[in-house]
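Respectively, the protein sequence lines represent chains A and B. Note that our numbering gives residue 25 to position 25 of the first sequence, counting from 1, and the numbers run on in steps of one. If you want our numbering, it's the position in the second sequence, counting the first as 1, plus 1000. Taking it in order: structure first as structure tokens, then the write-up.
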Amino acid sequence: AQSVTQPDIHITVSEGASLELRCNYSYGATPYLFWYVQSPGQGLQLLLKYFSGDTLVQGIKGFEAEFKRSQSSFNLRKPSVHWSDAAEYFCAGDGGTALIFGKGTTLSVSS
Amino acid sequence: DGGITQSPKYLFRKEGQNVTLSCEQNLNHDAMYWYRQDPGQGLRLIYYSQIVNDFQKGDIAEGYSVSREKKESFPLTVTSAQKNPTAFYLCASSASRQETQYFGPGTRLLVL
Chain A
1 AQSVTQPDIH ITVSEGASLE LRCNYSYGAT PYLFWYVQSP GQGLQLLLKY FSGDTLVQGI
61 KGFEAEFKRS QSSFNLRKPS VHWSDAAEYF CAGDGGTALI FGKGTTLSVS S
Chain B
1001 DGGITQSPKY LFRKEGQNVT LSCEQNLNHD AMYWYRQDPG QGLRLIYYSQ IVNDFQKGDI
1061 AEGYSVSREK KESFPLTVTS AQKNPTAFYL CASSASRQET QYFGPGTRLL VL
């Protein structure tokens, strides 16, 4: 069955440090993959998406993600984290009928 | 501005009561979705609709019902059969099934 896994429930990063959030997927064919961000009590905002082509995808707010077929991964990265990046991050993949979401990673930013 | 609106922001349900959550989009999207979000569970699909007058059950449809009479509207009813309705409900839409989904701001449902 298709699945999306986010191994880290909670990550704390110092402001200005680099960030990598992990996402693994289980799909037969090339999946459509997404990263969304959610602030408390809000809806989800799309950060970036991968459909095909270049495996390094640029998104909004300085985020990028790299699709690695050999590792079944689509990790989200940012070179320098800002306090405003503290939120919950969801990786999602096309599940055939709708998106399949990982359970999310909560990012805390320390000063 | 194009987007998705959900109302109300907070909704309180009494025992045995049905309540309806509103979702409207002006993006001219064909597909619409309802998700339930519980802490630590991610988002789980309740119902989806790929076209007007058609909808399908998702992973956790029991105790919920929907309608899709208009392209722009996809209301969700939480029935009295849903024994644990307290959650954050998110509506989304996309141009088609494999296109990017855009989300509304959510409705938090609480039980009195």
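Note that beta-carbon positions come from the ideal geometry of N, C-alpha and C, so glycine has one too. Just so we're clear, the structure is a prediction, and the values are computed from it rather than from any experiment.
If you compare the alpha carbons of Gln1025(B), Ser1049(B), Glu1024(B) and Pro1008(B) with that of Ala1061(B), the shortest gap goes to Ser1049(B). Rounded to whole angstroms, Ser108(A) and Ser1093(B) show a C-alpha spacing of 29 angstroms.
Within the segment 1034–1048 of chain B, the residues whose Cβ lies closer than 7 angstroms to any Cβ of chain A are, in chain order, Gly1040, Gln1041, Gly1042, Leu1043, Leu1045 and Tyr1048. At least one C-beta of chain A is nearer than 9 angstroms to the C-beta of Phe1088(B). The beta carbon of Phe1103(B) sits closer than 9 angstroms to some beta carbon of chain A.
Around the beta carbon of Tyr25(A), 16 or more other beta carbons lie within 10 angstroms, which makes this residue buried.
Within the segment 1065–1107 of chain B, the runs of beta strand (DSSP E) at least 3 residues long that lie entirely inside it are, in chain order, 1076–1078 and 1087–1094. Within the segment 1056–1080 of chain B, the residues whose Cβ lies closer than 8 angstroms to any Cβ of chain A are, in chain order, Gln1056 and Gly1058. Excluding sequence positions up to five before and after Met1032(B), its CB lies within less than 6 angstroms of the CB of Ser1049, Phe1074 and Ser1093, all in the same chain and listed in chain order. Residue pairing by DSSP places Arg1013(B) opposite Val1111(B) in a beta bridge. Judged by DSSP in its simplified three-state form, Ser84(A) adopts helix. A Cβ-Cβ contact shorter than 9 angstroms links Leu44(A) with Leu1043(B). Put simply, the backbone Cα of Phe67(A) is about 44 angstroms away from that of Asn1018(B).
Contact between Gly93(A) and Tyr27(A) holds: their C-beta atoms lie close to 6 angstroms from each other, under 8 angstroms.
Under the three-state reduction of DSSP output, Gly62(A) falls in the helix class.
Per DSSP, Leu46(A) is one residue of the beta strand (DSSP E) stretching across Leu44 to Tyr50. Cβ atoms of Gln1025(B) and Gly1106(B) stay farther apart than 8 angstroms, at about 14 angstroms. A check of alpha carbon separations from Lys1071(B) across Asp1030(B), Lys1083(B), Arg1108(B) and Ser1096(B) identifies Asp1030(B) as the nearest. About 6 angstroms separates the CB atoms of Gln1098(B) and Tyr32(A); that is less than 8 angstroms, so the two are in contact.
For Val1052(B), no beta strand (DSSP E) run applies, since DSSP gives it neither H nor E. The criterion of a C-beta distance shorter than 9 angstroms is satisfied by Thr1079(B) and Gly1063(B).
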